[in-house]
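Chains as they are written, first to last, in the UniProt record's numbering: chain A, 1 to 659; chain B, 1 to 659.
Cβ coordinates follow ideal geometry from the N, Cα and C atoms, glycine included.
Computed from a predicted model, the values in this text were never measured in an experiment.
Data first, discussion second: the structure below is written as structure tokens.
2 protein chains.
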Amino acid sequence: MGYAENQYHPHQRVEIPLPQPFVKSFGNSLKETFFPDDPLRQFKGQPWPRRVLLGFQYFFPILEWGPRYNLQFLRADLVSGITIASLAIPQGISYAKLANLPPILGLYSSFVPPLIYAMMGSSRDLAVGTVAVASLLIASMLGKEVNPVEQPKLYLQLAFTTTFFAGVFQASLGLLRLGFVVDFLSHATIVGFMAGAATVVCLQQLKWILGLQKFTHETDVVSVLRSVFSQTHQWRWESVVLGCSFLFFLLITRFFSKRRPRLFWISAMAPLTSVVLGSLLVYFTHAERHGIQVIGALKKGLNPPSLTELEFGSSHLTLAIKTGIITGVIALAEGIAVGRSFAMFKNYHIDGNKEMIAIGMMNVAGSCTSCYLTTGPFSRSAVNFNAGCKTAVSNIVMSVAVMITLMFLTPLFHYTPLVVLSSIIVAAMLGLIDYEAAIHLWSVDKFDFVVCIAAYSGVVFGSVEIGLVLAVAISLLRVVLFIVRPRTFTLGNIPETPVYRNTEHYPTAVSVPGILILEIAAPIYFANSGYLRERISRWIDEEDDKLQSSQGPSLQYVILNMAAVGAIDTSGLSMLDEIKKNLDRRGLKLVLANPGMEVMKKVKKSKVIEKIGQEWIFLTVGEAVGACNYMLHKFNPPPTKNEDHLQDNWSGNNNNNNV
Amino acid sequence: MGYAENQYHPHQRVEIPLPQPFVKSFGNSLKETFFPDDPLRQFKGQPWPRRVLLGFQYFFPILEWGPRYNLQFLRADLVSGITIASLAIPQGISYAKLANLPPILGLYSSFVPPLIYAMMGSSRDLAVGTVAVASLLIASMLGKEVNPVEQPKLYLQLAFTTTFFAGVFQASLGLLRLGFVVDFLSHATIVGFMAGAATVVCLQQLKWILGLQKFTHETDVVSVLRSVFSQTHQWRWESVVLGCSFLFFLLITRFFSKRRPRLFWISAMAPLTSVVLGSLLVYFTHAERHGIQVIGALKKGLNPPSLTELEFGSSHLTLAIKTGIITGVIALAEGIAVGRSFAMFKNYHIDGNKEMIAIGMMNVAGSCTSCYLTTGPFSRSAVNFNAGCKTAVSNIVMSVAVMITLMFLTPLFHYTPLVVLSSIIVAAMLGLIDYEAAIHLWSVDKFDFVVCIAAYSGVVFGSVEIGLVLAVAISLLRVVLFIVRPRTFTLGNIPETPVYRNTEHYPTAVSVPGILILEIAAPIYFANSGYLRERISRWIDEEDDKLQSSQGPSLQYVILNMAAVGAIDTSGLSMLDEIKKNLDRRGLKLVLANPGMEVMKKVKKSKVIEKIGQEWIFLTVGEAVGACNYMLHKFNPPPTKNEDHLQDNWSGNNNNNNV
């Protein structure tokens, strides 16, 4: 048809990228996948001794900031360290009870891990310690196979082994640069999951607040409420009164501190004050004889080594590994989110993979020194931040304070009532239920809200694992759905510009007679090529119907805007081929606009480009429309409507260049 | 800073879409997800009686084309129907043996299901029958729990139940418009899977070709070869010679037919010819007494009803359901792919969901009339197509031919040697190993090649299910990886145009001094927001380094081109917020270009728009660059280089409008 001679000549053709050697492009993908932040950049062009020092500094950031440490920092870190120690001691004991472990482990866990983190961690604000959710998870997962009351030694060994595997898993994620695993816990998942876990933990505290002796081992709300209401005659009013008073006290101090951030120390000191007051009360009233349960004797002395307690040959090894991985990921997610939030506040950078190594190593070290799983809890780190900490030295101060407690002060906790510890836990947990975040999710993104509610309901009505799996599955479903059901829309010309945009988004955009312009807003993969084929042919049918009823010129060109098609696979290529054949059959011409590098590579390699014709592939939608109009005018009588602005593809209205 | 007064005024602002009522937008998404082809379109505006007729025609397409049927069609369909019957009889018997079912079932299965399909199916070329892969799968999956030799009745019942569930599952997929499940078996998966299954089926035939009595129940290549070579002394040369001769005969006829498509009937008739020759040979030489196994007595008469054989109360019910679903999906994938290929050849449209209902119903009906799983096998349909079939009447002709065989001719198959059936299977299977497609995959798309090889190795070294799961998992991994590790690249100005494109793709594109333009080529979700944050800050670091070493003007603006960002969730929104804070800290300005409707909606709802500033969101990259340049020139001394063409955003070089 002599097309070549009458051809429309655009300024610039769509380039076909030169084929790259496979090894090179594969290496590039690997680099982009695993080293987005290019951690070796600072090593480049350095002499070897400097590289070694930088390497040490990478793993031990204390070598970097240590030499710059001064007295002013120390004063700030002393204050904040002592403040968090006063929070760490009662919280540590409480959470150890929650994990069904001996209370002293809570103190041990606030001694060794903070020291390791102070050397290896890169956050200046993170305060290390045990967390309620991980403690609960350990109790519920290990409790399924081993009863902590009947086999305390085995249970303890399993807890250490779990901690060991959690640490190894965390450190390996960091070393293998697989930190993105944590990203799969989206913000919405964490909001719902934390609120669910907090609810479950609060429900568990009913045991101590009501002074019950027997309690269910399940964590779901139905089992717990059944267990509570089946023994109403066992409720102890003394315990309830004590618990509620301390809870009220803790909540009121938090309320004050929230309204006046300078009074942060009131709420930070409140738990220790409660413990002291509670212990004195029990000591003087002998309330332990009236149904108020107390901690009892705590062993004096520092952490005993526990390397030999790690059980690798036990039949419960799989359980320990599974528990370690799940609790490890959750602890990591919390620790990293907390570190990153405060780093953003204070304008410094945190390397997620490096943090994972630090948190992992501190857990491995902890598992050998009678500690269980630790991370950077939000509440404690917030107190640390508010108390004005400057560096990780505040963790060292806390550690020393806990050490002194372990060596000399443990007998003081003998009469501490358990119900006070429960009040401390409940008060801390209530702060984790972030209903405002849930409302925000609902207003911004309904799907994220569903994820959040799924995580919450899964945890509360099922178990912690069910909630987690449910939320991650729904989140992933969304990602897959984006690909499986990609959006397609028609484009129209924005008046007085050569720009083409979604006609739904820009109602003023006008469509071009005889030309249907479609945009595909996702990569074309096997999972959506069938859908796209059907959807595109429906767009054409609908356009045909519309044109027939409006008696306008018939449809002649279909332009596919490929700008948002980031990738295409072989199924997608055959789909393009099929669409081309389909359009040929209907006497329509297929035109591609703005295909990216990946698409051009594949279209070339698969020879689909020869079927479409390289002269029908354009750099912009404007050029494609220009070419189509050129052909329409050349071979057809010109349409009556004025569409001059559509003819030149980007000169626009030249009087309008107020740039 | 009095910015508002000195503001740059673009032609058109990015619009913020009006908020839609939740119910409406949710309804819209549902429609786009489940009804891409809008199947109810033809019902619109029709009177009720017409709608009922259209409804009947939807489920029974024969009502639509039946009235137009003429004698010319019948002649063509008669020829093709008889041709496929001659293929269907030996193949049916062979595949039934492969499924460890009585050979007569293969004939039964070519009688009832084709009749159902002829009424309900919309393909004109599909020839219905049993397939090797599904037969093998039934044998290997059911065989794990029930031994077909020891418990033949139970095994038969399970096969019928499996067929019933496969049919129900297939029909429900169609009715619930979940046809996209089949799309998850990508082209690459099917190529690898089919080749693997063909290899496995060929290996299984070694039993009959070598004349072995004992054989392994496993299907993987290691077990089969071990079984074969552990009993070399049992090999029967008579059997081997017979098998190889017939195989050679079959392959040579296919070779001829391939070179001259008009001689298709030679290869179509070859299997029946082999059966006849083989049977005569055995009958006259009494070879059955010399180690050549024969089919033996086949019951005369039509399909007995088998509704009462369906076992819903059995302890193997889960197995039957599981086998039904897996074989159902695979059979569906083959049937639909085959139907679609031929429809494309002959330029008519096939509705995938409607086909699923037809195939499902024919299997439900089959399971009640002593048939096992059927679909539209490629080989048989290709013969049908080559023989010049016009409509599904060719299936009816085949069905009648099989009926006559069942009623009168079954005794003729008494002396048919099994080794001939094996040759027929091997010859058919060798055609399924499409190594050219695998080579094409390697050259076009390495990832698809990996998927293909995974499917093949999984089937050959593991089992059919392992291969399938592996291939689908790797395919999905790619989809997820696209989101988890999105591509980002810098954009540059294409000389003499206002267009900005990937600098890697267009080496002539020039970057703009002081401005970094980045494009994000994927939606921003929780799964990639962490990665994008790191990657974008690395881009900025690298740009900074480059500018410092070149002594050029310092970086002042970062433009994010959001054209390819099809969606964003709450994690993505907080990432944008973090990037904004990050850039503020470094004294850089964040500018957005061309955000789509979804992004604008979310950015508005979450109030991130207020942080970025609506005046810093532009319709095109060109406008964004124009605005940045305007600010740069206003508040900084103008750079020395000539960059006039960058200043006006799309007027370009006005002398160049050869549109």
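Neighbour-count burial assignment, ARG586(B), 16 or more Cβ in a 10 Å radius
Working through the second sequence from its first residue, we reach residue 586(B) at position 586. ARG586(B) is exposed by the Cβ-count criterion.
Less than 6 Å between C-beta atoms, sequence neighbours within five positions excluded: which residues of the same chain meet that for LEU302(A)?
By one-based count along the first sequence, residue 302(A) stands at place 302. Within the same chain, LEU302(A) has close Cβ partners LEU406.
Could you tell me which chain B residues have their CB closer than 9 Å to the CB of residue 665(A), listed as they occur along the chain?
Residue 665(A) is absent from the structure shown; chain A starts at 1 and stops at 659.
Chain-ordered neighbours of ALA188(B) on chain A, where CB pairs are closer than 7 Å:
Along the second sequence, one-based indexing puts residue 188(B) at 188. Ordered by position in chain A, the residues that pass the 7 Å Cβ test against ALA188(B) are THR570.
Closest by CA to GLY174(A), which one among ASP445(A), THR216(A), PHE34(A)?
Walking along the first sequence from the start, residue 174(A) turns up at place 174. Among ASP445(A), THR216(A), PHE34(A), the Cα nearest to that of GLY174(A) belongs to PHE34(A).
Quick check on PHE618(A): does DSSP put it in helix, strand or coil?
Position 618 of the first sequence, counting from 1, holds the residue named residue 618(A). Note: PHE618(A) maps to strand in three-state DSSP.
Chain B partners of THR620(A), CB-CB under 9 Å?
Reading the first sequence from its first residue, position 620 is the one you call residue 620(A). Result: THR497, VAL499.
Any chain B beta carbon closer than 8 Å to ASP448(A):
Taking the first residue of the first sequence as position 1, residue 448(A) is located at position 448. At least one chain B Cβ lies under 8 Å of ASP448(A).
Could you tell me whether the stretch 516-531 of chain A touches the stretch 199-216 of chain B, where touching means 3 or more Cβ pairs closer than 8 Å?
no
Please confirm whether THR33(B) has its beta-carbon closer than 8 Å to some beta-carbon of chain A.
Within the second sequence, numbered from 1, the residue matching residue 33(B) stands at position 33. It does: the Cβ of THR33(B) has a partner Cβ on chain A nearer than 8 Å.
What's the C-alpha gap between LYS44(A) and MET120(A)?
Taking the first sequence and counting its residues from 1, one reaches residue 44(A) at position 44. Taking the first sequence and counting its residues from 1, one reaches residue 120(A) at position 120. Whole-angstrom Cα-Cα distance: 23 Å.
In three-state terms, what does DSSP make of ARG501(A)?
In the first sequence, counting from the first residue as 1, residue 501(A) sits at position 501. ARG501(A): strand per DSSP, three-state reduction.
Near VAL240(B), what residues of its chain come up, given a Cβ to Cβ distance below 8 Å and the 5 sequence neighbours on each side ignored?
Here residue 240(B) refers to the residue found at position 240 of the second sequence. Cβ neighbours of VAL240(B) beyond the five flanking positions: ILE209, LEU210, GLY211.
Of the listed residues VAL133(A), GLU610(A), ARG50(A), TRP265(A), nearest to LEU203(A) (C-alpha basis):
Working through the first sequence from its first residue, we reach residue 203(A) at position 203. Closest option to LEU203(A), Cα to Cα, is VAL133(A).
Residues bridged to VAL591(A) by DSSP?
As a working mapping, residue 591(A) is identified with position 591 in the first sequence. Per DSSP, ILE559(A).
For GLU578(B), decide whether its Cβ has a neighbour in chain A, counting only Cβ atoms nearer than 8 Å.
Residue numbering aside, residue 578(B) sits at position 578 when the second sequence is read from its first letter. With 8 Å as the cut-off, GLU578(B) counts as an interface residue toward chain A.
Closer than 8 Å, CB to CB, is ARG13(B) near chain A or not?
By 1-based counting over the second sequence, the position of residue 13(B) is 13. No, ARG13(B) lies away from the interface with chain A (no Cβ there is under 8 Å from its Cβ).
Is the CB-CB distance between PRO114(A) and ASN386(A) below 8 Å?
Within the first sequence, numbered from 1, the residue matching residue 114(A) stands at position 114. Within the first sequence, numbered from 1, the residue matching residue 386(A) stands at position 386. Taking 8 Å as the Cβ cut-off, PRO114(A) and ASN386(A) do not qualify as a contacting pair.
MET344(B) CB to nearest chain A CB: under 8 Å?
Working through the second sequence from its first residue, we reach residue 344(B) at position 344. Yes, its Cβ sits closer than 8 Å to a Cβ of chain A.
Along chain B, in chain order, which residues have C-beta atoms closer than 7 Å to that of LEU441(A)?
What you label residue 441(A) is simply residue 441 of the first sequence in a count that begins at 1. What LEU441(A) touches in chain B: THR570.
Does the beta carbon of LYS354(B) sit closer than 8 Å to a beta carbon anywhere in chain A?
The sequence position of residue 354(B) within the second sequence is 354, counting from 1. Not closer than 8 Å to any Cβ of chain A, the Cβ of LYS354(B) fails to qualify, so no.
Keeping to the same chain, check which residues put their C-beta closer than 7 Å to that of VAL112(B); ignore five residues upstream and five downstream.
Taking the first residue of the second sequence as 1, we reach residue 112(B) at position 112. Once the five neighbours on either side are set aside, the close Cβ partners of VAL112(B) are ASN303, ALA365, GLY366, THR369, CYS371.
Quick one: which chain B residues come within Cβ less than 7 Å of ILE404(A)?
For the purposes of this step, residue 404(A) is identified with residue 404 of the first sequence, where counting begins at 1. By Cβ distance, chain B contributes nothing, its closest Cβ being about 40 Å from ILE404(A), past 7 Å.
Members of the stretch 98-127 of chain B near chain A, C-beta cut-off 9 Å:
none
Can you give me the Cβ contacts of PRO638(A) inside the same chain, cut-off strictly under 6 Å, excluding the 5 residues immediately before and after it?
Counting from 1 along the first sequence, the entry for residue 638(A) is found at position 638. Here the model assigns PRO638(A) a pLDDT of 49, short of 50, so the residue's position is not dependable and the matter cannot be decided.
Backbone CA spacing between ILE62(B) and PRO507(B) [nearest angstrom]
In the second sequence, residue 62(B) corresponds to position 62, counting from 1. In the second sequence, residue 507(B) corresponds to position 507, counting from 1. When rounded, the distance between both Cα atoms is 58 Å.
Taking contact to mean at least 3 C-beta pairs separated by less than 8 Å, is the stretch 302-322 of chain B in contact with the stretch 421-430 of chain B?
no
Does any CB atom of chain B fall closer than 8 Å to the CB of LYS144(A)?
What you label residue 144(A) is simply residue 144 of the first sequence in a count that begins at 1. For LYS144(A), the answer is no, since every Cβ of chain B falls outside 8 Å of its Cβ.
May I have the straight-line CA-CA distance separating PHE618(B) from ARG13(B), to the nearest angstrom?
Position 618 of the second sequence, counted from the start, is the residue given in the question as residue 618(B). Position 13 of the second sequence, counted from the start, is the residue given in the question as residue 13(B). Distance between the alpha carbons of PHE618(B) and ARG13(B): 6 Å.
Taking 8 Å as the CB-CB cut-off, is TYR435(A) touching chain B?
Counting from 1 along the first sequence, the entry for residue 435(A) is found at position 435. TYR435(A) does not count as touching chain B.
Residues of chain A with a CB under 9 Å from the CB of ASN347(B): which are they?
To locate residue 347(B), count along the second sequence from 1; it is residue 347. Here the neighbours are LYS581, ASN582, ARG585.
Check the Cβ of ASP37(A) against every Cβ in chain B and list those closer than 7 Å, keeping chain order.
Numbered from its first residue, the first sequence carries residue 37(A) at position 37. In chain order: GLU534, ARG538.
Inspect the CB distances between the stretch 226-244 of chain A and the stretch 269-276 of chain A and report whether three or more fall short of 8 Å.
no
Looking at C-alpha atoms only, which residue of TYR348(B), LEU319(B), HIS233(B), GLN293(B) is the closest neighbour of VAL419(B)?
For the purposes of this step, residue 419(B) is identified with residue 419 of the second sequence, where counting begins at 1. Of TYR348(B), LEU319(B), HIS233(B), GLN293(B), the residue nearest in Cα terms is GLN293(B).
Give me the chain B residues within the contact set of GLY566(A), using Cβ-Cβ distance strictly less than 9 Å, ordered along the chain.
On the first sequence, residue 566(A) is found 566 positions in, with the first residue counted as 1. The answer, in chain order, is PHE482, PRO486, ARG487, ALA521, ALA522, ALA564.
Looking at the structure shown, is LEU516(A) part of a helix, part of a strand, or coil, going by DSSP?
The count along the first sequence starts at 1 and reaches residue 516(A) at position 516. Here LEU516(A) sits in strand by DSSP.
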